[in-house]
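Residue numbers (the working numbering): 12 to 197. Every residue gets a Cβ at the ideal spot worked out from N, C-alpha and C, and that includes glycine.
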């Protein structure tokens, strides 16, 4: 856990310190709708949240970044009415981009990092897990510095544990994210 957090901090520091000479640096803000899958869908209902991101572009094709977000999944009302299950993903990302047209960018991205899980149910403890999040998306150029970002991702959190006291399913969900990307250095 400490190694993962230290790695994320070092990468963020490198991205931040290299921003003065960056080919391109984007800041993003996305709203997210999240559909839980499998056993996770048996416990929770449709979720919502958002992400902030910082992406460093080495050239027109490749980028590295860091992304942090928040997801709230209301529990099934029959299990815990009015309570929510919350996830905070903090991930490093790597992306590949290709232009469909002068104003449309198609990209694929892979994120990996930590997912901090907590519950609003009294007495529950937060836990930290690893996970991955592949995604595919489109960025539409609105101006030379502002883009509309639409992407779909699959989130897989390595959380399955079975003990005599508890059962935690893998926290998997499909996300639809819509937001804006702003170029702060080009």
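Quick check on residue i: buried or exposed, where buried means 16 or more other Cβ atoms within 10 Å of its Cβ?
i, result
"residue 107", "exposed"
"residue 176", "With a pLDDT of 42 at residue 176, under the threshold of 50, the predicted position of this residue should be treated as unreliable, though the coordinate-derived value follows. Residue 176 should be labelled exposed."
"residue 155", "exposed"
"residue 174", "With a pLDDT of only 48 at residue 174, under 50, the local geometry of the prediction cannot be trusted, and the value read off the model is given with reservation. By the neighbour-count rule (16 or more Cβ atoms within 10 Å), residue 174 is not buried but exposed."
"residue 168", "buried"
"residue 92", "exposed"
For residue i, collect the residues of the same chain with a Cβ closer than 6 angstroms to its Cβ; drop the 5 residues on either side in sequence, then sort them by chain order.
i, result
"residue 135", "none"
"residue 81", "60, 99"
"residue 94", "86, 131, 132"
"residue 152", "114, 158"
What did DSSP end up calling residue i once you bin it into helix, strand or coil?
i, result
"residue 169", "coil"
"residue 87", "coil"
"residue 156", "coil"
"residue 48", "coil"
"residue 112", "strand"
"residue 53", "helix"
"residue 199", "Residue 199 lies beyond the range of the chain shown here (12 to 197); nothing can be said about it."
"residue 70", "coil"
Does the beta-carbon distance from residue i to residue j come in below 8 angstroms?
i, j, result
"residue 192", "residue 42", "no"
"residue 184", "residue 75", "no"
"residue 62", "residue 44", "no"
"residue 85", "residue 104", "no"
"residue 190", "residue 160", "yes"
"residue 102", "residue 69", "no"
"residue 37", "residue 194", "yes"
"residue 182", "residue 57", "no"
"residue 196", "residue 164", "no"
Excluding five sequence neighbours on each side, which residues of the same chain lie with their C-beta closer than 8 angstroms to the C-beta of residue i?
i, result
"residue 109", "72, 116, 117, 118"
Taking contact to mean 3 or more Cβ pairs, one atom from each stretch, closer than 8 angstroms, check whether the segment 125-135 and the segment 148-156 are in contact. no
Is there contact between the segment 111-119 and the segment 136-144, where contact requires at least three CB pairs shorter than 8 angstroms? No contact exists between the segment 111-119 and the segment 136-144.
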